[in-house]
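>
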Amino acid sequence: FRLWLTPSQLLLSTSCQVDNIMLEYDDDMEPRNKEGVETKVEDWGGTSSIDCLTPNVCKVSDLPVIYGTLSNHLVNRGYVRGYSLLGAPYDWRYTPASKVGQKFLDDLKQLVEDAVARVGHKAV
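In this note's numbering, the protein residues as written are 667 to 790.
1) Give me the Cα-Cα distance between residue 784 and residue 771, rounded to the nearest whole angstrom.
2) Checking the sheet assignment: what are the DSSP bridge partners for residue 785?
3) Kindly indicate which three-state DSSP category residue 779 falls into: helix, strand or coil?
4) On a CA-only basis, which of 765, 758, 684 and 731 is nearest residue 694? Give me that one, please.
5) On the DSSP letters alone, give me the boundaries of the beta strand (DSSP E) that residue 689 sits inside.
6) By Cβ distance, which residues of its chain are closer than 6 Å to residue 759, with the 5 residues on each side in sequence left out?
7) DSSP on residue 741, reduced to helix/strand/coil?
8) If you check the beta carbons only, do residue 712 and residue 748 fall under 8 Å apart?
9) Taking the continuous beta strand (DSSP E) assigned at residue 762, which residues delimit it?
10) Looking at the unbroken alpha helix (DSSP H) that takes in residue 717, where does it start and where does it end?
11) Check this for me: beta carbons of residue 707 and residue 762, under 8 Å apart or not?
12) Specify the secondary structure class of residue 746 as computed by DSSP and reduced to three states.
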């Protein structure tokens, strides 16, 4: 299931959904997903995972659009998704100081450096 839920899913949420987004902590107080739960980012570097939190709802309504309007505006101005227009969704459950947070920061740095090298000028 998606970490971000639709409004109807929030209203009908079960303890199972809530349980699945909770983190556990190891002996070193490092947060991690509960056993059996895996989270992954769709389209790292692209914009589909940040344009809309609930894609099925976005197809029929603009209500949950997050960055989609901005992304579309920038594409209309010449940016290319995944090339000069990048998305880097972050799992809000983790602090930047956690191992997951540090990996995100490392991956983000690499994403920007690769884009700068590819596009040929400084990032803005």
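Even glycine gets a Cβ: it sits at the ideal position worked out from N, Cα and C.
Because the structure is a prediction, the values reported are computed rather than measured.
Checking against the coordinates, here is how it stands:
1) Numbered from 1 along the sequence shown, position 118 holds the residue referred to as residue 784. Numbered from 1 along the sequence shown, position 105 holds the residue referred to as residue 771. Rounded to the nearest whole angstrom, the C-alpha separation of residue 784 and residue 771 is 20 Å.
2) Numbered from 1 along the sequence shown, position 119 holds the residue referred to as residue 785. In DSSP, residue 785 forms no bridge with anything.
3) On the sequence shown, residue 779 is found 113 positions in, with the first residue counted as 1. When secondary structure is reduced to three states using DSSP, residue 779 falls in the helix class.
4) Numbered from 1 along the sequence shown, position 28 holds the residue referred to as residue 694. That would be 765, whose Cα lies nearest to the Cα of residue 694.
5) As a working mapping, residue 689 is identified with position 23 in the sequence shown. Segment 689-691, the beta strand (DSSP E) holding residue 689.
6) To locate residue 759, count along the sequence shown from 1; it is residue 93. Closer than 6 Å at Cβ, skipping near neighbours: 689.
7) For the purposes of this step, residue 741 is taken as residue 75 along the sequence shown, with counting starting at 1. Reduced to three states, the DSSP call for residue 741 is helix.
8) Looking up residue 712 in the sequence shown gives position 46. Looking up residue 748 in the sequence shown gives position 82. Taking 8 Å as the Cβ cut-off, residue 712 and residue 748 qualify as a contacting pair.
9) In the sequence shown, residue 762 corresponds to position 96, counting from 1. Careful: residue 762 lies outside any beta strand (DSSP E) and carries neither H nor E.
10) Start at 1 with the first residue of the sequence shown, and residue 717 comes out as number 51. Element bounds for residue 717: 714-717.
11) As a first step, residue 707 is located in the sequence shown; it is residue number 41 there, counting from the start. As a first step, residue 762 is located in the sequence shown; it is residue number 96 there, counting from the start. Against a cut-off of 8 Å, the Cβ pair of residue 762 and residue 707 comes out as no contact.
12) What you label residue 746 is simply residue 80 of the sequence shown in a count that begins at 1. Residue state, collapsed to three classes: coil.
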